[in-house]
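Report on the structure given below.
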Amino acid sequence: MTKRAILYARVSTDEQADKGYSLPSQFDAMRKYAAQQGFEIVAEFQDDYSGATPIEHRPEGRKAYAMLQSGAADVIIAYTIDRFVRPPEDGDEWEMPILIRGLAKLGKEIHTCDIGKLKTDFVNLLLVVIGAKSAGEERRKIRERSMRGKRAKVKSGKVLGIRAPYGYRHVRDQNGKTITFEIDEATARVVRLIYRWYVKGDEHGKRLSDRAIALRLSEMGVIAPGALQRGIQRKRGKTFWNHAMIGNILTNEVYAGTWRYGIDTSEQTKRENWESVSVSVPAIIDRETWERVQAQRTRSKELAKRNVKRDYLLRGMIHCGLCGYYYAGNSIRKNILGEWIRYYRDEWYKVRHINTDGRCANKSIRADAIEADVWDEIRELFQDLDRLWNDLKAAQREEDDQLGHIHEKIEITDEFIRKAERDADKTASALKEAEKGGAVYKSLKRDEAEVNARLEELNKQREKLMTQLGERKITDESIEAIMEYARNVRAGIDNATFEDKRRTLETLDVQVTITQGKYHVACILGEKDGEISRMAYGGGRIVTNSS
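Residue 657 is where the sequence shown starts when you use the numbering used here, and the numbers rise one by one after that.
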């Protein structure tokens, strides 16, 4: 019977220029290999993704993995083993043998053009680990060389970056390489204007917030930074500013004459003993003004923390079904009664302004209306405790199915750990019998170091998998908490506190979609639709939603 094969190619951004790793060359080699093996090619997938990301978490790799699991294919072929995995850190190379053993249990095969079929016995899997380890070391060396080169360039007084900060342009040497920045007066005037509005205020003396500045610049038709860099101003007359752009300009020290390299807030980037390197560049704003802005922003944050916050039950759970933006809580004072009325407002408003093209048709919605509507839908779930329990357990089983691959990885990792422990016991017994200082003893000590390192890496891998498993939402504890809450308050559920309601909504993973007067509520137990209630003047629903 002819085996059905999937071809899987991967290339990361830093490999694009390497013709040996280009996508066409990988597919050419894999097609030839499949023909030689007599395989029928049933699908081809390609990812422009880092090899440090597990294949089942890459967009196209996920599809390939699903085909193998579903029985739609028998074989997966890659150009080389590092197309499947290139470990970012020591120990991560065990992802590869775990993947091989997991697919082997499903009766699937993994092939590479240079090795052929990857065998699943322990010796061959160790060879796979060594190969993956080499790929990971190569990647780390490439990254280290690149970082050293960049740091050396910065220490020599030169700047980096494909794009110059807004307000500047590149100064290049005779070879076309960037060496520093110079002020671009046309955009530098905008930077000075932003700082003046923030510190001293507008023509009326009113100091403007980040959002107010973004609105003003958008209304004036000033080209936004991203549009300038992409050349959008040549295609259309106006682009949008947003508060994040303003915040970046107000906090970037480059405008005070200091460009820094080595500042990275990404949690995924590990930079131990990393120091920031600075380069002097022409200043657009004087140092005193820049420091004043930083102090002002710090004070504003502290004041914001002290301000009384109004509770928004659906915070982070509502998004617009038309433009896709999330809704944020917003309060306004009602003129006649002088009371605060809570609303949820489409975040689209903050980046798409009255003098710019288009407008989202969804309007702001009364918080008390939509919160009551959604809670009514959730409250119905508590009327039948048996059904609630069954629905929660069904949702838990579904989540378990989704986490099944993690359980499989843990099981396979435990198998490798047991094998390593047996090897460690054998080595320890042999060492007792060997003559100290002899050739056999030295060889056994090397074996001991290898097996101990292997055990350490495997235990780290298992710990990582257990952490992933612990990220599940529907635990036995959360189910029992919901059931206890339902039993205790079913009779008086209308008296549930804000904290009780919020905790319940989070556990049920409630998400609300708004489309012009209607809502769609989705959670782990199902979905419901209805019309948003209208509110009477001064409070109280006057039209009950229809589900």
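Here a beta-carbon is modelled for each residue, glycine too, at the ideal position from N, C-alpha and C.
**OP:** Name the one or two DSSP bridge partners that S936 has.
**Re:** Per DSSP, T914.
**OP:** Have a look at the DSSP bridge pairing and note the partners of L762.
**Re:** Per DSSP, none; premise fails for L762.
Subject >> Assigned secondary structure, K797 (DSSP; H/G/I helix, E/B strand, else coil) >> reply: Correct three-state label for K797: helix.
Subject >> Straight-line gap, K1088 to Y1097 (C-alpha atoms, nearest Å) >> reply: Cα to Cα, K1088 sits roughly 9 angstroms from Y1097.
Original post:
Alpha carbon to alpha carbon, what distance is there between I940 and K688?
Top reply: Between K688 and I940, the C-alpha separation is close to 59 angstroms.
Original post:
Could you give the distance in angstroms between the alpha-carbon of A912 and the alpha-carbon of A665?
Top reply: One Cα belongs to A912, the other to A665, and the distance between them is close to 46 angstroms.
Subject >> Contact under 8 angstroms by Cβ, R1110 with A1137 >> reply: In this structure, the beta-carbon distance from R1110 to A1137 does not fall below 8 angstroms.
Original post:
Can you name, in chain order, every residue of its own chain whose Cβ lies under 7 angstroms from the Cβ of T1083, other than the five neighbours on each side?
Top reply: L1100, D1103, E1104 and V1107, listed in sequence order.
Subject >> Beta-carbon gap between L969 and K1157 smaller than 8 angstroms >> reply: Yes, they are a contact pair.
Original post:
So K1174 is in the beta strand (DSSP E); what residue range does that whole segment cover?
Top reply: It spans K1174 to C1179 - the beta strand (DSSP E) in which K1174 sits, taken as one unbroken run.
**OP:** Please report the residue range of the beta strand (DSSP E) in which K1184 lies.
**Re:** Per DSSP, the continuous beta strand (DSSP E) segment holding K1184 begins and ends at G1182 to E1187.
Original post:
S865: buried (16+ other C-beta within 10 angstroms of its C-beta) or exposed?
Top reply: Classification of S865: exposed, given that the 10 Å Cβ count is below 16.
Subject >> Cβ-Cβ distance between T834 and V847 below 8 angstroms >> reply: Result no, Cβ atoms of T834 and V847 do not sit closer than 8 angstroms.
**OP:** Go through its chain and collect everything with a Cβ distance to D858's Cβ below 7 angstroms, but skip five positions before and after it.
**Re:** Sequence-distant partners of D858 (beyond 5 residues in either direction) whose C-beta falls short of 7 angstroms from its own C-beta, in its chain, are L864.
**OP:** Could you name the residues of the same chain whose beta carbon sits closer than 6 angstroms to that of D770, not counting the 5 residues immediately before and after it, in chain order?
**Re:** Closer than 6 angstroms at the Cβ level, and outside the excluded window around D770, lie T736.
Original post:
Skipping 5 residues on each side, what residues in its chain have a beta carbon closer than 7 angstroms to that of V1177?
Top reply: Leaving aside the five residues that flank V1177 on each side, the residues in its chain whose CB is nearer than 7 angstroms to its CB run, in chain order, V1030, E1033, V1166, V1168, E1183 and K1184.
Original post:
Does the beta-carbon of F1020 have 16 or more other beta-carbons within 10 angstroms, so that it is buried, or is it exposed?
Top reply: The amino acid at residue 1020 is misidentified as Phe; the sequence shows Ser. If you draw a 10 Å sphere on the C-beta of S1020, you find fewer than 16 other C-beta atoms in it, and that means exposed.
Original post:
What separation, rounded to the nearest whole angstrom, lies between the Cα atoms of F701 and F740?
Top reply: Distance between F701 and F740, taken at the CA atoms: about 12 angstroms.
Original post:
What is the residue span of the beta strand (DSSP E) that H860 lies within?
Top reply: In the DSSP annotation of this structure, H860 is not part of any beta strand (DSSP E), being labelled neither H nor E.
Original post:
For the beta strand (DSSP E) that V1168 lies in, which residues bound it at each end?
Top reply: V1168 -> beta strand (DSSP E) spans Q1167 to T1171.
Subject >> Whole-angstrom distance between G823 and R845, CA atom to CA atom >> reply: For the pair R845 and G823, the Cα-to-Cα distance works out to about 8 angstroms.
Subject >> Coarse secondary structure for R971, derived from DSSP in three states >> reply: DSSP places R971 outside both helix and strand once states are collapsed to three, so it counts as coil.
**OP:** Could you tell me the boundaries of the beta strand (DSSP E) in which R825 lies?
**Re:** It spans Y824 to R828 - the beta strand (DSSP E) in which R825 sits, taken as one unbroken run.
Subject >> Residue range of the unbroken alpha helix (DSSP H) whose run includes Q693 >> reply: Counting along the chain, the alpha helix (DSSP H) containing Q693 begins and ends at L679 to Q693.
Subject >> Among R714, D730 and A951, nearest to R660 - alpha-carbon criterion >> reply: Nearest C-alpha to R660 among R714, D730 and A951: D730.
Original post:
According to the Cβ coordinates, are I850 and I766 closer than 8 angstroms?
Top reply: No, these two residues do not count as a Cβ contact at 8 angstroms.
Original post:
Hey, would you say Y917 sits closer than 8 angstroms to V937, going by beta carbons?
Top reply: Going by C-beta atoms, Y917 is not nearer than 8 angstroms to V937.
Original post:
Is it true that the CB of L1121 sits closer than 8 angstroms to the CB of K1049?
Top reply: With contacts defined as CB atoms closer than 8 angstroms, K1049 and L1121 fail to qualify as a contacting pair.
Original post:
Where M1139 and T1163 are concerned, what is the direct C-alpha to C-alpha distance, given to the nearest angstrom?
Top reply: Near 12 angstroms, if we compare the C-alpha coordinates of T1163 and M1139.
Original post:
Buried or exposed: which applies to D840, given that a residue is buried once 16 or more other Cβ atoms fall within 10 Å of its Cβ?
Top reply: Buried, since its Cβ has 16 or more Cβ neighbours within 10 Å.
Original post:
Does the beta-carbon distance from A1051 to I905 come in below 8 angstroms?
Top reply: With contacts defined by Cβ atoms closer than 8 angstroms, A1051 and I905 do not form a contacting pair.
**OP:** Could you tell me if N1046 is buried or exposed, where buried requires 16 or more neighbouring beta carbons within 10 angstroms of its beta carbon?
**Re:** With fewer than 16 other Cβ atoms within 10 Å, it is exposed.
Subject >> Unbroken alpha helix (DSSP H) run spanning R1001, endpoints >> reply: Where R1001 is concerned, there is no enclosing alpha helix (DSSP H), although the beta strand (DSSP E) around it starts and stops at W996 to D1002.
**OP:** Kindly indicate which three-state DSSP category E1091 falls into: helix, strand or coil?
**Re:** Per DSSP, reduced to three states, the secondary structure at E1091 is coil, with no helix or strand assignment.
**OP:** Compute the Euclidean distance between the alpha carbons of T836 and E909, then round it to the nearest angstrom.
**Re:** Answer to the nearest angstrom: the Cα atoms are 15 angstroms apart.
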